[in-house]
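> Under the numbering used here, residues 109 to 387 are what the sequence shown spells out, in order. All residues carry an ideal CB built from backbone N, CA and C; glycine is no exception. Since this is a predicted model, take the numbers as computed values, not measurements. The structure follows.
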Amino acid sequence: MTDTAAPATTQTPEEQFAYFHSRRELVVVQPQGSLALTTTQVIDTPQTVWGVPGHWAPRTDGGSGVLLTAAAADGIEVDGEPVDGTVEVRGKDDAEPSAIRFSDTVTGFVISQEGGFYAVRIWDAQSEAIQEFGGIDAFDYDPSWVITADWSLNPEGTTVGFEHLKDDGKTRDEVVPGRITFSRDGVDYDLAAFKSGRALQLVFADATNGDSTYSVGRFLFVAPNADGTITLDFNRAVLPPCAFSYAFNCPLPPKQNRFPFAVEAGEKLPLKKDGTPLH
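So this is what it looks like as structure tokens:
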């Protein structure tokens, strides 16, 4: 039998970058993508949540999540069941977190917060930000920003304090599995990246922030190579979620991750359809 399958093609780095960028622009407009988040509200006392029906309160039994009280006429579903009375809405830290549905386009879930509290997150698949979104501005691919750094493991349990945008200077200790080190222009850098799923998340700042790129900084997701190195492809630097919605609370770059030079690679800013900045 003759094999008629098309031969495999190898994408150039530029083509790989173009595909990566196009996927990023699709991800942020998903029903629970960054542009869909409209509200993150901490439930520390009984209260209403902006933009949606129902009354919300902390759980008093120490369990994950919050309590929701609503009438059948409110049209809320939790885990596929209509709410008529008071139900538990389990947080994302539970083995079986709850899903909330308010309408065909508005959904939600509950996340844990510092201090033992929980917050309700509301997502709108037809949010104003999604309607206005035109694309993510980015630098052209530049191979000089693909840097090979050294990777070495930290002692187990090593942490670094990361400040978050809305935490008033407080820091949260994140486990940093190893050290990322490299030299540029005669200066040595020793970076801290924390665990994010199966990858490492590098939160960094550079001289472009507040000028051509988002003022708070950017993210780069990386993984160690088998040979003891780690590849920092800054062409794949992405905007943090808080660049798309003020309802996110993003980690800020720690001191050792703040570069004095301009990293002219990766994403710059989210844009409206007319080409102006989204925020």
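In angstroms with no decimal places, state the Cα-to-Cα distance between Tyr226 and Thr153.
If I take the Cα positions, the gap works out to 11 Å.
> Kindly provide the ranges of any alpha helix (DSSP H) runs that are 4 or more residues long and lie completely inside the stretch 229–282, ordered along the chain.
Segments of the alpha helix (DSSP H) lying fully in the stretch 229–282: 236–240.
> Would Thr147 and Arg209 be called neighbours here (beta carbons separated by less than 8 Å)?
No, the Cβ-Cβ distance between Thr147 and Arg209 is not below 8 Å.
> With DSSP collapsed to three states, give me the class of Pro332.
It is a strand residue.
> Starting from Glu222, trace the alpha helix (DSSP H) both ways and give me its first and last residue.
Segment: none, Glu222 is in no alpha helix (DSSP H) and carries neither H nor E.
> So Ser353 and Ala237 are supposed to be a Cβ contact under 8 Å. How far apart are they, rounded?
Rounded, the Cβ-Cβ distance is 6 Å, consistent with contact.
> Does DSSP put Ser291 in a helix, a strand or coil?
DSSP places Ser291 in strand when its eight states are reduced to three.
> On a CA-only basis, which of Arg198, Asn262, Val284 and Trp259 is nearest Phe270? Give me that one, please.
Cα-wise, what sits closest to Phe270 is Val284.
> Over what stretch of residues does the beta strand (DSSP E) that includes Phe312 continue unbroken?
Unbroken beta strand (DSSP E) run through Phe312: Ala307 to Phe312.
> Could you tell me which of Asn317, Thr267, Gly305 and Gly336 sits nearest to Thr289, measuring between CA atoms?
For the residues Asn317, Thr267, Gly305 and Gly336, the minimum Cα distance to Thr289 belongs to Gly336.
> Per DSSP, Val403 forms a beta bridge with which residues?
The structure shown has nothing for residue 403, since the chain only spans 109 to 387.
> If you count every other CB in all the chains shown that lies within 10 Å of the CB of Ala370, and 16 or more means buried, which is it?
Ala370 comes out exposed.
> Measure the C-alpha to C-alpha separation of Gly374 and Glu282 and round it to an integer number of angstroms.
Taking the straight line from one Cα to the other gives about 25 Å.
> Assign Glu123 to one of three DSSP states: helix, strand, or coil.
If DSSP states are grouped into helix, strand and coil, Glu123 belongs with the helices.
> Quick one: is Arg292 buried, meaning 16 or more other Cβ sit within 10 Å of its Cβ, or exposed?
Arg292 is exposed by the Cβ-count criterion.
> How about Phe329 and Val311: do their beta carbons lie closer than 8 Å?
No. Outside cutoff.
> Name the two residues that bound the continuous beta strand (DSSP E) containing Leu379.
Looking at the DSSP string, the run of the beta strand (DSSP E) that includes Leu379 is Glu375 to Lys380.
> Whole angstroms is fine: what's the gap from Leu299's alpha carbon to Glu123's?
Going from the Cα of Leu299 to the Cα of Glu123 covers about 29 Å.
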